[in-house]
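A.B. asks: Please see the structure below; I have some questions.
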Amino acid sequence: MTAAVTADAVGDGRGGRRHRTAPGWLLGLAGLAGLMALAEAVPRAGLVKERFLPPFSDMVSALADEAGTGAFWRALLETLRGWAIGLAVATAAGVVLGVVIGGLPPVRAAMASTIEFLRPIPSVALIPLAVLLYGTTMRATLLLVVYASFWQVLVQVLYGVRDVDPVARETARSYRFRTLTQVRTVLWPTALPYVMTGFRLAAAVALILEITGELVIGSPGLGKQIAVAQSSGAVASMYALVIVVGLIGVVVNVIVRAVERRVLRWHPSVRREVVS
Amino acid sequence: MKRIRAALAATSVLLLAACGGGGGSSNASDKGPATVKVSVIPIVDVAPVYLGDQQGFFAEQKLKLQFETAQGGAAIVPAVVSGQVDFGFSNYTSLVLARSKGLPLKVVAPGNASTGVDKKDFGGVVVKAGSPIKTAKDLAGKRVAVNTLNNINDTTVRASIRKAGGDAKNVKFTELAFPDMLAALDKGNVDAVQVVEPFLTTALKNGGRLVASNYVDTAPDLTIAAYFTSQKTAASKPDLVKRFAAAMQKSLQYADQHPDAVRKVLGTYTKIDPSVAAALTLPKFPTQVNGAGLQTLENLAVQDGLIKKAPDAKELLP
Amino acid sequence: MTVPAALRRALLLLGMPVVLVAAWWTATAGSTDFFWPPLRTILGTFDDTWFHGRITSDVLPSLGRLAAGYLLALALGVGLGVAIGSVRVLRALLEPVLEFFRAIPSPVLVPILMLFAGIGNGMKILVIVSGCVWPVLLNTVEGVRALDEVLQDTARCYRMRPHSRLVHLVLRGASPQITAGARQALSIGIILMVISEMFAASNGVGFTIIQFQRGFSIPQMWSGIILLGLIGIALSAAFHVVETRVLRWYTGLRRAQREG
């Protein structure tokens, strides 16, 4: 049995069978529609009291009210900005350090215990530290975002680098490829699917931490708006904002998927999708 | 609008110059208003500072407020101590806890106080409509939700029980955020909840029953919270602190005399429903710190084991 | 293992941490900053803070909830992941819904979970599941999607029974990615263990740390953060043991390729 995710295992098997089903995005919308129907039905059926979990239609009308305010759009922009900056910093740092650490076994061995120690320290435990350094500004939240999403990328890169086909690596070495060439031609293609998964996880974690930071620290953004709605007892507005956060997550995923599809065109997991 | 504000600022500069006011330790003696960062929790209690800002009381003192909202004292105190913000808002028990650990804090103005009227305060203990709990005494041995454990709300609920002649030792306090309390009470996860406005009004509107006004039971006209700064800021910018305190005094007084303006300003920084905002019980906004009330809170903190020894109240107070 | 080899290994394992701890120790030695106490002070409070009753009253309940939540998330993630990974229609249908829920931060999700699960241990375990399940689920889906097509076709040709196909082909083929996901879920689980104890808790490591933070007992708070790190190391070591066992075929394969 051969390994699952190796570049050489791609082979030439065009195994995807064509069958005509509804396009993916339509099914996805159907899934979301089902969720909306459920969110409307559960409170209406009295499973939960409406004043604690209002029906979906109430949330939508609260959302319409929110969308009419400038504060909402400013908060949305602030959240997206913090998320994008944090994700970019974490990804760059995670990939570079991951390749360096993973590519050099002695470094990897020396760093392993430190990584294991630092990684589980919950980003929420860093909140007092972040506030101390940056007050209740955007940068305090940024620290949490970078810290939490960095590990997602780093760990995936480390696993990806470990997955490099030893034969391919030996071949490259015996042909005396230069280090950079080795990284580019052997290590990178194998690690890329892992990097993409890491990036996708990090994109979600960064968003979660951005919102959590805003919520708990009070730095500007949608999370702060959620906190204000919570402490004002504005239940429908609160859920409306939560829906916005969830939708950002969906859109982020769609975008990252598109990027992934472009970057990994040659990989079996993506090729099959394209064929069928 | 901007021009009006600029004109106001210019006028106040002229006025102050004419009066010979303004110390000089502050950097903004003639460069226009000094920007001060204030860290507050976006709740009813801090309405005066927003109202005062709106009314221009801070501009009069050549101060330009920059609000940084936080979600609790745990985030505000470090920000003030490290100088990230100039002033913060916190309840007294938290300040006492911080001071007892040696944090250099200094109160500059009172924040809000209990109305002093039983069953007509801005916070209280609420039970479900059919609950067997009738008075604070019946809370003994029951599950009571408070927003933070080992802080002002559980100590004052204990004080309330003791005052009613009950045993406060075996109350089971559970920590729940104010917004989550009513659902937990409704589901029967807890027997009683200690809530403040706007949740108190919402609770009573939905059939909850008020059994005790814990702040009223603790001490007459208990001051709940205060605006504070670090001792470093107090020592290095005494003029700035003085101006902030003066503007705060005026804001508190104005807020206390104009409840309708307070209800209106809530709409600018919270999302409280206007109908709830019109109905809720406002706290009192005193201009003087009630030293006796603070002493009571300190004693309670010691009695309930939050701290071993009460800090000298004089160090904390202005 | 020879003595020098063992020594080398120990050096590798401990070298970096020792350097970092030493750096921390000297950097904070003379610290008078309230929020950055000297490491000496922090370690001095460690024993008093944790080893006089808090192990059984706080650490064990936390770990119990973590274990329950983690295992549940693992089962759920792998089960759903295999289904979603192998059925394209299901994947298209559910992906936006799952992404929607994944994007909602746990502190926001908790009040909703409380409406259904109350405020007891069940709610806290659910919070842990709600966060841990994603890396397992996503990685399983990716792993199943990326299965070698030749192998799949071969299995089909040989008419492998569905059950053995699942165990020997799907799960095994996807296991490197599943373990990568399980590994990440473990760290996220510890974070969520802390977050879940921010709500309606009366015991736990996270609960205690937050109480210290609110009561401005800063050295004790730092000692709690260190304890979380130590728990992380211990769990990660345990995970490593399980991982090498599960992935023996894989590392063996890699070694064989290396030697061959």
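Protein chains in written order, with numbering that gives the first Met the number 0: chain A, 0 to 275; chain B, 0 to 317; chain C, 0 to 259. Quick reminder that beta carbons are idealized off the backbone N, C-alpha and C, glycines included. Just so you know, these numbers come straight off a predicted model, no measurement behind them.
Near Ser229/B, what residues of its chain come up, given a Cβ to Cβ distance below 6 Å and the 5 sequence neighbours on each side ignored?
C.D. replies: Within the same chain, Ser229/B has close Cβ partners Val79, Val80 and Pro103.
A.B. asks: With a cut-off of 8 Å on the beta carbons, I'd call Ala102/C and Ala111/A a contact; round off their distance for me.
C.D. replies: No, Ala102/C and Ala111/A are not in contact; Cβ-Cβ is about 31 Å, not under 8 Å.
A.B. asks: Tell me the rounded alpha-carbon separation between Arg142/B and Ser105/C.
C.D. replies: Taking the straight line from one Cα to the other gives about 25 Å.
A.B. asks: What are the complete alpha helix (DSSP H) segments, minimum 4 residues, inside the stretch 141-206 of chain A?
C.D. replies: Runs found: 165-173 and 178-181.
A.B. asks: At a CB-CB cut-off below 9 Å, which residues of chain B make contact with Leu75/A?
C.D. replies: Chain B residues near Leu75/A: none, gap ~16 Å exceeds 9 Å.
A.B. asks: Along the chain, where does the beta strand (DSSP E) containing Val194/B start, and where does it finish?
C.D. replies: Unbroken beta strand (DSSP E) run through Val194/B: Ala191 to Val195.
A.B. asks: Return no unless some Cβ of chain A is closer than 8 Å to the Cβ of Asn205/B.
C.D. replies: Yes, Asn205/B counts as interfacial toward chain A.
A.B. asks: With H, G and I counted as helix, E and B as strand and the rest as coil, what does DSSP make of Thr34/B?
C.D. replies: Strand, per DSSP.
A.B. asks: Out of curiosity, what's the CA-to-CA distance linking Gln224/A and Pro105/A?
C.D. replies: Roughly 47 Å separates the two Cα atoms.
A.B. asks: If you draw a straight line from the C-alpha of Thr173/B to the C-alpha of Trp35/C, how long is it?
C.D. replies: Roughly 31 Å separates the two Cα atoms.
A.B. asks: Going by the CB atoms, is the gap between Arg50/A and Ser186/C shorter than 8 Å?
C.D. replies: Against a cut-off of 8 Å, the Cβ pair of Arg50/A and Ser186/C comes out as no contact.
A.B. asks: Which residue wins for smallest C-alpha separation from Asn146/B, given the options Gly122/B, Val215/B, Val210/B and Ala211/B?
C.D. replies: Cα-wise, what sits closest to Asn146/B is Gly122/B.
A.B. asks: Just the chain C side, please: which residues come within less than 7 Å of Lys186/B by C-beta, in chain order?
C.D. replies: Those within 7 Å of Lys186/B in chain C are Gly117.
A.B. asks: Since Arg180/C contacts Val135/C with CB under 8 Å, what's their CB separation in whole angstroms?
C.D. replies: Note on identity: in this sequence residue 180/C is Gly, with Arg being the wrong assignment. Going by Cβ atoms, the distance from Gly180/C to Val135/C rounds to 4 Å, so yes, they are a contact pair.
A.B. asks: My output table needs one value for Thr228/B: the three-state DSSP class, helix, strand or coil.
C.D. replies: Three-state result, Thr228/B: strand.
A.B. asks: For the stretch 173-184 of chain B, enumerate the residues whose C-beta is nearer than 8 Å to any C-beta of chain C, in chain order.
C.D. replies: Of all residues in the stretch 173-184 of chain B, Thr173, Glu174, Leu175, Ala176, Pro178, Asp179, Ala182 and Ala183 have a Cβ within less than 8 Å of some Cβ in chain C.
A.B. asks: Who are the neighbours of Ile207/A on chain B, taking C-beta pairs under 8 Å?
C.D. replies: Chain B residues near Ile207/A: none, gap ~17 Å exceeds 8 Å.
A.B. asks: Output the distance between the C-alpha atoms of Ala190/A and Val98/A, rounded to the nearest integer angstrom.
C.D. replies: Looking at the two C-alpha atoms, the distance is approximately 9 Å.
A.B. asks: Counting only runs that start and end within the stretch 237-293 of chain B, where is the alpha helix (DSSP H) found for 4 or more residues in a row?
C.D. replies: Qualifying alpha helix (DSSP H) stretches, in chain order: 237-256, 258-268 and 273-278.
A.B. asks: Going by C-alpha to C-alpha distance, which of Met195/A, Trp187/A and Thr211/A sits closest to Leu141/A?
C.D. replies: Of the candidates Met195/A, Trp187/A and Thr211/A, the one whose C-alpha sits nearest the C-alpha of Leu141/A is Thr211/A.
A.B. asks: Answer yes or no: does any C-beta atom of chain A fall closer than 8 Å to that of Trp182/C?
C.D. replies: Going by the sequence as given, residue 182/C is Arg instead of Trp. Chain A contact via Cβ: present.
A.B. asks: Verify the CB distance criterion: does Ser105/C have a CB-CB separation below 8 Å to chain D?
C.D. replies: In the structure shown, chain D does not exist; the protein chains are A, B and C.
A.B. asks: Suppose the cutoff is 6 Å on Cβ atoms and the five residues either side in sequence are ignored; what does the same chain contact list for His18/A look like?
C.D. replies: In this prediction, His18/A scores a pLDDT of 49, lower than 50, which makes its location untrustworthy; the coordinate-derived value is nonetheless stated afterwards. Same-chain partners within the cutoff: there are none.
A.B. asks: Asn149/B bridges to which residues according to DSSP?
C.D. replies: Note: Asn149/B sits in no beta bridge, so no partner.
A.B. asks: At a CB-CB cut-off below 7 Å, which residues of chain B make contact with Phe51/A?
C.D. replies: Chain B residues near Phe51/A: Ala182.
A.B. asks: At a CB-CB cut-off below 7 Å, which residues of chain C make contact with Ala73/B?
C.D. replies: Chain C residues near Ala73/B: Gln212 and Arg213.
A.B. asks: Report the residues of the stretch 63-90 of chain B with a CB closer than 9 Å to any CB of chain C, ordered along the chain.
C.D. replies: If the cut-off is 9 Å between Cβ atoms, the stretch 63-90 of chain B has Gly71, Gly72, Ala73, Val76, Pro77, Val80 and Ser81 near chain C.
A.B. asks: Hey, does Ile216/A have any beta-carbon neighbour from chain B nearer than 8 Å?
C.D. replies: Judged by the 8 Å Cβ criterion, Ile216/A is in contact with chain B.
A.B. asks: In chain order, which continuous runs of the beta strand (DSSP E) of length 3 or greater are located wholly inside the stretch 99-169 of chain B?
C.D. replies: Correct list: 104-112, 122-126 and 142-145.
A.B. asks: For Trp49/C, is the classification buried or exposed, using 16 other Cβ atoms within 10 angstroms of its Cβ as the cut-off for buried?
C.D. replies: By the 10 Å Cβ count, Trp49/C comes out buried.
A.B. asks: With 8 Å as the threshold, decide whether the Cβ of Ser201/C is near any Cβ in chain B.
C.D. replies: Taking Cβ atoms only, chain B reaches closer than 8 Å to Ser201/C, which makes this a yes.
A.B. asks: Identify each residue in the stretch 39-62 of chain B for which the Cβ-Cβ distance to at least one residue of chain A is less than 7 Å, and report them in chain order.
C.D. replies: Flagged, chain order: Pro41 and Ile42.
A.B. asks: Taking only the alpha-carbon atoms, compute the straight-line gap between Ser130/B and Pro178/B and give it to the nearest angstrom.
C.D. replies: Spanning the two alpha carbons is a distance of roughly 21 Å.
A.B. asks: Helix, strand or coil: which one does DSSP assign to Ala213/B?
C.D. replies: Checking the sequence, you will find Asn at residue 213/B rather than Ala. The answer is helix: DSSP assigns Asn213/B an H, G or I state.
A.B. asks: Just reading off the beta strand (DSSP E) that Lys61/B is part of, what are its end residues?
C.D. replies: Looking at the DSSP string, Lys61/B is not in any beta strand (DSSP E), and its letter there is neither H nor E.
A.B. asks: Could you give the residue range of the beta strand (DSSP E) that holds Lys171/B?
C.D. replies: Unbroken beta strand (DSSP E) run through Lys171/B: Lys171 to Glu174.
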